[in-house]
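Okay, so here's the structure we're looking at.
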């Protein structure tokens, strides 16, 4: 039955058209030939088997599934809180791929590809803007830096070294090297590609803070290059002496290459790059922005496969680079799907979603009432203490009297008090940082949430594919709940029924010949020796052995399993061995030791109690309950097949 639930979760079940050709009825309901074939073909792993036998087998399963869904609806399982929450979560996740503008997405994909045709060499200055920061103060500071640069009073490099919060680039004048599309956050990429070579951008904001950037050069994309390297490391801590030693080693490596040694041989002797040393120094292919600029330029400057560079100095030391291959930018069609995935998981996706939401708003008469928005925002700000135990705390109930409209859409008014409730849920009733900014962002989130929820529910009405997916998920989880109540959980919880079931067939649950005892596992020989000494005393208990040998630092020096074992299934000793020697020591391949301690031998089969056979009894009881339940469904929802319609499917 669990398999049938799984099948139907992915099947795509839809409402039958009144005019559709009926294949079968169950009770007062019917299923069309087209709906059955759609489900049948969707669940076929290969070409569907259209023989009489295969179709009838699936028809029986599918008919039983439809009966159980009808029963779940009759019991109103779709109103159960847990199922409602599952459906709501599924709807929200499923809707994500629908609530976007496909045309805008395609434009963004093509925009990314066109930008990939050009590489930019960029410097930047970053001023961080963490949550709670007064953004106006940060903006004024970066604006003053921008004006100093534009007035010629300071260079971009000096301002980066003096003020940038990007520790990775500030010391080299803000130089981030080369970049192309899809490497940096979208706002940064937009500004970079909008800035001409040699020019400085105006201050702009990203999720990291405020930036100014300078594009020092723009040139056609060089594609990707694959190289091998010999790395002669020289950490900064070694200073000039370290560089001199690294350079001397580089010269020796060059001399060895010129003497006829293979690049791989020289890599093994000299290279400090442990990741590539075992592969003749070969690196993964890379394009713009993946390596430090000096290394990247030197790699792309090599002309023919096999060409080797002179030693190149970087912040890591010296590199000797060998060209393996160059690959131009791939054609659009070959990487469009890859770009689509990146765009949908990038900040660009927000642009497509915003465009879609704006169309939804326009279509449904969205209108904001700014005075009312300002009134509730100001009221919340004023109510939040800046100090004391109540710092940052507010309660939506304090604004329940504010019932003016903040926005309206599709004939419904959304009130100030509604926004306050949402904000309390969003912030957990506590606002930290700039209160006005938090509330402003909270209002935008509220509008987005309302529009999203509105459109998610509209999708069910207007998009057949979405509706089918929601219906199949709903039917699947209802059926799972129904079967759990009537079969799976019932078999474990119905102790009276389980015991009665066991009593009717207890003769089939048998112990084979075996023994009762304990199997000790000792971590090492010392633990084993201690255990053997202790267990020589018949009065010593298992608990005393465990307590004596294990410690807080070594809690698993010895473990023990006790119970009844069947000789046919026991792998650590035969019936003859264990009958002859009731204390058997076994050395395991992993260096541990097992001690089989036999207390009683059983040479003939014996009945298992309900507790001893519980796993088998529960499984069989579940099968019994399911068969009973299936029979009840077939009785309550009698199934009739239209033979003429069924035969028309065979062989087609």
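Residue numbers (my numbering): 1375 to 2026.
Each residue gets a CB set at the ideal place from its N, CA and C atoms; glycine is no exception.
Query                                                                                                                                           : Result
For residue 1598, the residue or residues it bridges with in DSSP                                                                               : 1701
Whole beta strand (DSSP E) elements within the segment 1782-1834, 3-residue minimum                                                             : 1786-1789
Distance, residue 1690 Cα to residue 1617 Cα                                                                                                    : 10 angstroms
Contacts around residue 2074, its chain only, beta-carbon distance under 6 angstroms, and the 5 residues preceding and following it disregarded : The chain is shown only over 1375 to 2026; residue 2074 falls outside these bounds and no answer can be derived.
Stretch pair the segment 1860-1867 + the segment 1919-1930: three plus CB contacts closer than 8 angstroms                                      : no
As assigned by DSSP and simplified to three states, the class of residue 1391                                                                   : The predicted position of residue 1391 is uncertain, since its pLDDT is 39 and thus under 50; a value taken from the coordinates is nonetheless stated next. Of the three classes helix, strand and coil, the one that applies to residue 1391 here is coil, per DSSP.
Where residue 1928 sits in the DSSP three-state scheme                                                                                          : coil
Same chain, Cβ closer than 6 angstroms to residue 1791, neighbours up to 5 away in sequence not counted                                         : 1773, 1774, 1776, 1777
Three-way DSSP call (helix, strand, coil) for residue 1690 in this model                                                                        : coil
Bridge partner(s) assigned by DSSP for residue 1495                                                                                             : 1552, 1591
Residue 2024 in three-state terms, based on DSSP                                                                                                : coil
Residues of its chain near residue 1974, where Cβ-Cβ distance is below 6 angstroms and the 5 sequence neighbours each way are ignored           : 1890
Spatially closest choice to residue 1964 from 1986, 2000, 1895, by CA coordinates                                                               : 1895
Boundaries of the alpha helix (DSSP H) in which residue 1404 is found, first to last residue                                                    : Element bounds for residue 1404: not the alpha helix (DSSP H) but the beta strand (DSSP E), 1403-1406.
Residue 1608 versus residue 1544 - alpha carbon distance                                                                                        : 21 angstroms
Residue 1928 burial status per 10 Å Cβ neighbour count (16 or more: buried)                                                                     : exposed
Cα-Cα separation, residue 1657 to residue 1547                                                                                                  : 28 angstroms
Pair within 7 angstroms by beta-carbon distance, residue 1805 and residue 1762                                                                  : no
Residue closest to residue 1410, alpha-carbon to alpha-carbon, out of 1397, 1943, 1403                                                          : 1397
Where residue 1477 sits in the DSSP three-state scheme                                                                                          : helix
Those residues which DSSP pairs with residue 1940 across a bridge                                                                               : 1888
Beta-carbon spacing of residue 1660, residue 1696 below 7 angstroms                                                                             : no
Delimiting residues of the beta strand (DSSP E) encompassing residue 1974                                                                       : 1967-1976
Exposure label - residue 1645; buried when at least 16 CB within 10 Å                                                                           : buried
The beta strand (DSSP E) enclosing residue 1869, as first and last residue numbers                                                              : Premise fails: residue 1869 lies in the alpha helix (DSSP H), 1869-1877, not in any beta strand (DSSP E).
Three-way DSSP call (helix, strand, coil) for residue 1895 in this model                                                                        : strand
Start and end residues, alpha helix (DSSP H) containing residue 1857                                                                            : 1838-1857
Meets three-Cβ-pair contact criterion under 8 angstroms: the segment 2007-2024 and the segment 1403-1422                                        : yes
Residues near residue 1385 in its chain [Cβ-Cβ closer than 8 angstroms; skip 5 each side]                                                       : Confidence at residue 1385 is low in this model, with a pLDDT of 42, below 50, so its placement is unreliable and the value that follows should be read with caution. Contacts found: 1413, 1416, 1417, 1846.
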